[in-house]
Amino acid sequence: MTTHKIDTKISVGSHLMQNFSEKLKELNPSSVVCLIDCTILKLYGNTINSGFKKLGVVASVIPVSASEKSKTLNGDLINLINQIIEKDVERKSVFLSIGGGTVTDLGGFIGSVLLRGIKTVYIPTTLLGMVDASLGGKTGVNVQNNGMLYKNMIGTFYQPEIVLCDTDFLATLPQKELKSGIGEIVKYFVGWNSPKLLDIQSIFNNVKSGQTLRPIIEACQKIKMEIVASDPNETGQQREKLNLGHTIGHGIEGEKNGTVSHGVAVVWGLLGESYMSMLDGYLSKEEFEKIKMSILSLHIVNSITFSTPKVLDIMQKDKKNKTYVAIKKIGITLPGVKINPDNLKKSLAFLNGNKNL
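Residue numbers for the sequence shown, in UniProt numbering: 1 to 357.
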């Protein structure tokens, strides 16, 4: 297997924000533009401003709302880019993104196209951002059409220089965002069966303990970065494994127009794609029940209703519209499986309004 050197420096631990400016200094920036979640700025503004004072170069802070609307291609995004241009960005500037997956996706995309690419740094502040969204170099913005959200339709592959994961942020994370992060951890549990992820219930119970979660975060990061190194631009099927749960999940997330968080949508996708794997003959009924009960024991999903035609329409336009990652058992998946339209509809019907989920 061919591997590619990914030079991103990833740090995980507590109190990392106390010295984040030292990490930025390693890049020798001429200036810093910081895109930051409005809520994080209110909670941690003093720490962040103190770090910028130690930096010794001009640091411009631009607050954004951590909503899918913020990374949707419209007039607001154009205005945001104009704000950034006004900061006199140059090729030696560093583009810093502080926030959850929405903010790092958006900041990564802007940094990758601004002046044809400047150095980017991510400080993810959500569990989902730490275990998945800030890693691997995928950036993207959404497109909205006819009231439906098409996730990450426009984007780039662009690796950040540094990813700094301070687990202290998790102590103030809302329950909805914690559940979203657990959703991505469940994906790694189903897809890779890592020993550190086996006690998924314990992970959920200790989700606000940053130090307890550190080995979990690092286990997820290790899985993802090994796959990214083998297929950085998703030209083969190795990296496609990371899309487990995302084929149906993105359809549901788009149909719900952002009201269902990404990680929770992925969990719905895992349930649907597990069911579809069973219908397609890849997954035994016993294994399906094991996956289903592992997920339901966490109580992060309950009954959901959606428009099946709209979900199918979104899936048709999604980049993953012809294949999905089939599950053979916990820890063994098969990417690139052609979607059987009838079994897809049956799987969506299994999810839609099912009071037993």
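We treat Cβ as the ideally placed atom computed from N, Cα and C, and that holds for glycine.
- Valine 264 has no beta-bridge partner at all, per DSSP.
- Arginine 239 sits buried, since 16 or more C-beta atoms from the chains shown fall within 10 Å of its C-beta.
- Taken through DSSP and simplified to helix, strand or coil, tyrosine 282 comes out as coil.
- Between asparagine 257 and glycine 147, the gap from beta carbon to beta carbon is short of 8 Å.
- Lysine 151 and valine 260 have their C-alpha atoms some 13 Å from each other.
- Apart from the 5 residues on each side of it in sequence, aspartate 280 sits with its Cβ closer than 8 Å to the Cβ of Ala326, Val337, Asn340, Asn343 in its chain, given in chain order.
- Sorting Ser230, Thr167, Lys25, Asp132 by C-alpha distance to the C-alpha of leucine 16 places Thr167 at the top.
- Annotation for lysine 119: the continuous beta strand (DSSP E) segment containing it runs 119 to 124.
- Remark: C-beta atoms of glycine 108 and serine 97 approach each other more closely than 8 Å.
- In this model, leucine 173 and threonine 126 are separated by some 7 Å (Cα to Cα).
- In the structure shown, lysine 224 falls within a helical segment according to DSSP collapsed to helix, strand and coil.
- Taking C-beta separations shorter than 7 Å and ignoring five residues to either side along the sequence, the partners of arginine 214 in its chain run Val12, Gly13, Thr167, following chain order.
- Remark: C-beta atoms of lysine 328 and leucine 244 do not approach each other more closely than 8 Å.
- Within the same chain, Thr125 come within 6 Å of phenylalanine 169 by CB-CB distance, once the 5 residues on both sides are set aside.
- Under the three-state reduction of DSSP output, asparagine 321 falls in the coil class, being neither helix nor strand.
- Straight through space, the alpha carbons of alanine 229 and isoleucine 314 are spaced by roughly 30 Å.
- For leucine 348, the closest of Thr308, Phe95, Lys322 by C-alpha to C-alpha distance is Thr308.
- Between glutamate 184 and leucine 270, the C-beta spacing is not below 8 Å.
- Rounded to whole angstroms, the separation of the alpha carbons of glycine 56 and glycine 254 is 43 Å.
- Apart from the 5 residues on each side of it in sequence, glutamate 68 sits with its Cβ closer than 7 Å to the Cβ of Thr102, Asn142, Leu149, Gly258 in its chain, given in chain order.
- The shortest C-alpha to C-alpha distance from isoleucine 6 to any of Gln221, Leu80, Ser65, Leu43 is the one to Gln221.
- Look at serine 180 here: in three-state DSSP terms it is helix.
- Distance from the Cα of cysteine 165 is smallest, within the candidate group Ile123, Lys285, Gly249, for Ile123.
- If you draw a straight line from the Cα of cysteine 38 to the Cα of serine 284, it comes to about 46 Å.
- In this structure glycine 263 touches lysine 179 by the C-beta definition: roughly 7 Å separates them, less than 8 Å.
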